[in-house]
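This report concerns only the one structure given below.
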Amino acid sequence: MALILHAGSTNKNAFKALIAAEYTGVKVELVQNFEMGVTNKTPEYLKLNPIGKVPVLETPDGPIFESNAIARYVARLKEDNSLFGSSLIEYALVEQWIDFASLEIDANISRWLYPRLGFGVFLPPAEEFAIAALKRALTALNTHLATNTYLVGHSVTLADIVMTCNLHLGFTRVMTKSFTSEFPHVERYFWTMVNQPNFSKILGEVKQVESVPPVQSAKKPAPPKESAKPKEGAKKEAKKEPAKPKVVADDEEEEAPKPKPKNPLDLLPPSKMILDEWKRLYSNTKTNFREVAIKGFWDMYDPEGYSLWFCDYKYNDENTVSFVTLNKVGGFLQRMDLARKYAFGKMLVIGSEAPYKVKGLWLFRGKEIPQFVMDECYDMELYEWTKVDISDEAQKERVSAMIEDQEPFEGEALLDAKCFK
Ligand SMILES: N[C@@H](CCC(=O)N[C@@H](CS)C(=O)NCC(=O)O)C(=O)O
Numbered sequence: 001m002a003l004i005l006h007a008g009s010t011n012k013n014a015f016k017a018l019i020a021a022e023y024t025g026v027k028v029e030l031v032q033n034f035e036m037g038v039t040n041k042t043p044e045y046l047k048l049n050p051i052g053k054v055p056v057l058e059t060p061d062g063p064i065f066e067s068n069a070i071a072r073y074v075a076r077l078k079e080d081n082s083l084f085g086s087s088l089i090e091y092a093l094v095e096q097w098i099d100f101a102s103l104e105i106d107a108n109i110s111r112w113l114y115p116r117l118g119f120g121v122f123l124p125p126a127e128e129f130a131i132a133a134l135k136r137a138l139t140a141l142n143t144h145l146a147t148n149t150y151l152v153g154h155s156v157t158l159a160d161i162v163m164t165c166n167l168h169l170g171f172t173r174v175m176t177k178s179f180t181s182e183f184p185h186v187e188r189y190f191w192t193m194v195n196q197p198n199f200s201k202i203l204g205e206v207k208q209v210e211s212v213p214p215v216q217s218a219k220k221p222a223p224p225k226e227s228a229k230p231k232e233g234a235k236k237e238a239k240k241e242p243a244k245p246k247v248v249a250d251d252e253e254e255e256a257p258k259p260k261p262k263n264p265l266d267l268l269p270p271s272k273m274i275l276d277e278w279k280r281l282y283s284n285t286k287t288n289f290r291e292v293a294i295k296g297f298w299d300m301y302d303p304e305g306y307s308l309w310f311c312d313y314k315y316n317d318e319n320t321v322s323f324v325t326l327n328k329v330g331g332f333l334q335r336m337d338l339a340r341k342y343a344f345g346k347m348l349v350i351g352s353e354a355p356y357k358v359k360g361l362w363l364f365r366g367k368e369i370p371q372f373v374m375d376e377c378y379d380m381e382l383y384e385w386t387k388v389d390i391s392d393e394a395q396k397e398r399v400s401a402m403i404e405d406q407e408p409f410e411g412e413a414l415l416d417a418k419c420f421k
């Protein structure tokens with residue numbers, strides 16, 4: 001008889017036991033009609049897990065909560081399997097990596113992701129701390145995986161199952177390609193693992209998230225959306241949940257965006273500079289660019305209502321392939337779409353051979369870089385930002401040269417110049 005696992009069908013903590021079951025051949029089935037935020041509040045569920053969290057495994061000897069404990073139980077049900085390694089030291093190392101996956105990887109992904117989704121208070125310094133801690137852990141993991149295919153030994157262990165499920169939350173919800181590309185061995189490991197048949201049967205097709213989710217100020221009940229993560233292994237799939245509001249955080253839950261409050265930049269005192277007029281002048285000036293457009297820019301520029309910023313890509317060493325570098329900059333400009341009403345930018349890809357340098361100039365409404373841009377456009381933190389001091393003629397001239405796509409720029413050829421307007 002199958003063991004019953006209480007969880008929704010896209011709960012990453014439940015995936016651990018389901019994947020372990022694929023390796024050991026133990027039968028584990030998801031309970032039917034599980035509804036996150038409803039089922040786990042019932043008195044019957046609270047008898048299985050007094051804290052009401054998900055998942056819980058029902059066994060002939062009583063319930064087990066905590067997903068790692070459940071996965072260990074499922075892994076141990078079959079004797080002589082290699083999920084715990086094959087020696088005392090391997091057993092210890094499996095436990096070491098399970099703890100590391102939970103306390104250093106999962107905890108920091110959660111601290112980054114959940115406040116953004118409205119589960120918890122969003123505080124930028126706390127997010128910064130979580131991202132730094134996550135990067136520290138991923139750096140260590142990356143180093144280990146540079147010379148190891150698996151976390152322990154030469155085949156999949158429970159440590160790989162727990163690690164991959166935890167990374168799955170990160171890769172699918174908050175860790176974009178530009179974030180993970182700093183950790184190439186972790187990327188290789190993750191994609192190798194999720195494509196192992198015993199993993200893909202449970203996880204289905206895995207797609208990396210394309211942008212960091214925007215900050216939602218408060219959690220509110222929202223109608224559930226169709227899951228974007230279809231899974232094979234139909235026998236293990238719970239029935240579709242009925243369309244009722246949910247009230248509790250779960251990996252499977254997507255929020256409908258709240259109606260946005262007025263952008264604080266619209267509340268700034270009016271400026272004599274009209275951004276659209278500048279954008280029109282820029283676009284319509286075909287000749288005498290310096291005399292017409294650049295002069296016009298400085299005539300209209302209002303340092304009270306706007307600010308100018310130089311940006312410098314922090315990881316130029318990685319810009320070894322021209323089209324990849326151009327795509328990276330193109331992606332950044334696409335993601336800046338949210339700031340079109342409040343910004344103008346020039347991005348230069350500099351150099352005639354790799355590694356290319358990426359530098360830019362941005363004009364933003366207000367005296368600082370708008371907070372919503374910092375919060376919602378992940379690329380911002382890939383650049384060093386320096387406010388232009390317009391009392392410094394050299395800096396002003398640099399601004400003019402960047403707007404003009406002056407070549408050579410700082411002694412180098414331009415591979416490309418892209419404009420955000
Ligand atoms: N340490 C627990 C975490 C369980 C957990 O936080 N589950 C989430 C869903 S993935 C949950 O039940 N959230 C509802 C709540 O916090 O009340 C485990 O690994 O099982």
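Going by the UniProt record's numbering, the first residue of the sequence shown is number 1, and it counts up by one from there. Glycine included, C-beta positions come from ideal geometry on N, C-alpha and C. Please read all numbers here as calculations on a predicted model, not as lab measurements.
- Of all alpha-carbon atoms in Leu363, Gln371, Lys201, Ala132, the one lying nearest the alpha-carbon of Asn263 is that of Gln371.
- Sorting Leu145, Ala146, Ser155 by C-alpha distance to the C-alpha of Tyr23 places Ser155 at the top.
- The three-state reading of DSSP puts Ala413 in coil, since its state is none of H, G, I, E or B.
- A distance below 8 Å separates the beta carbons of Val162 and Lys16.
- Note on geometry: alpha-carbon atoms of Asp299 and Leu103 lie some 55 Å from one another.
- One alpha carbon belongs to Val321, the other to Gly25, and they sit about 45 Å apart.
- Here Met193 is buried. Its C-beta has 16 or more other C-beta atoms within 10 Å.
- Exclusion of Pro43 from the 7 Å shell around ligand 1 follows from its C-beta lying no nearer than that to any non-hydrogen atom of the ligand.
- Each residue's CA atom was taken as its position, placing Met336 and Ile19 some 39 Å apart.
- Between the beta-carbon of Pro303 and that of Ile390 there is about 6 Å, and that keeps the pair under the 8 Å contact cut.
- Unbroken alpha helix (DSSP H) runs of no fewer than 4 residues, entirely contained in the UniProt domain "GST C-terminal" (87-215), are found at 88-100, 107-116, 124-146, 158-173, 177-180, 184-194, 197-203, following chain order.
- The count of Cβ pairs closer than 8 Å, one atom from the stretch 119-132 and one from the stretch 86-106, stays below three, leaving the stretches out of contact.
- Distance from the C-beta of Pro115 to the nearest heavy atom of ligand 1 is not below 7 Å.
- The Cβ atoms of Leu415 and Gly360 lie no closer than 8 Å to each other.
- Sorting Lys27, Leu30, Ser211, Pro55 by C-alpha distance to the C-alpha of Asn40 places Pro55 at the top.
- At least one heavy atom of ligand 1 sits closer than 7 Å to the Cβ of Glu66.
- Per DSSP, the beta bridge partners of Ala343 are Phe364.
- Beta-bridge partners assigned by DSSP to Ser307: Phe364.
- Lys47 has its Cβ no nearer than 7 Å to any heavy atom of ligand 1.
- A distance below 8 Å between beta-carbons, with the five flanking residues on each side excluded, links Leu338 to the following residues of its chain, in chain order: Phe372, Val373, Glu376, Cys377.
- Inside the stretch 21-62, DSSP marks whole beta strand (DSSP E) runs of 3 or more residues at positions 28-30, 56-59, from first to last along the chain.
- Set against 7 Å, the gap from the CB of Gly118 to the closest heavy atom of ligand 1 is not smaller.
- His6 and Glu58 have their C-alpha atoms some 8 Å from each other.
- Here the C-alpha atom of Arg365 lies approximately 14 Å from the C-alpha atom of Val388.
- The three-state secondary structure of Lys418, taken from DSSP, is strand.
- Ser110 is the residue among Val152, Gly120, His144, Ser110 whose C-alpha sits nearest the C-alpha of Ala133.
- Residue pairing by DSSP places Trp278 opposite no residue, since no beta bridge is assigned to it.
- Inclusion of Ala159 and Ala69 in the CB contact set at 8 Å is not warranted, their separation being larger than that value.
- Counting C-beta pairs with one atom in each stretch, the stretch 71-90 and the stretch 137-146 have fewer than three that are closer than 8 Å, which means they do not touch.
- With fewer than 16 other Cβ atoms from the protein chains shown falling within 10 Å of its own Cβ, Asn288 counts as exposed.
- Distances between the C-beta of Pro55 and the heavy atoms of ligand 1 include at least one below 7 Å.
- Taking 8 Å as the cut-off, the beta carbon of Ala137 is found no closer than this to the beta carbon of Trp112.
- Annotation for Val215: Arg116, Phe122, Asp375 place their beta carbon closer than 6 Å to its own, counting only its chain and skipping 5 residues before and after.
- Between the alpha carbons of Ala21 and Leu308 lies a gap of roughly 57 Å.
- The residue among Val38, Gln208, Ile4 with its C-alpha nearest the C-alpha of Ala71 is Ile4.
- Per the coordinates, the alpha-carbon of Arg280 lies some 46 Å from the alpha-carbon of Trp191.
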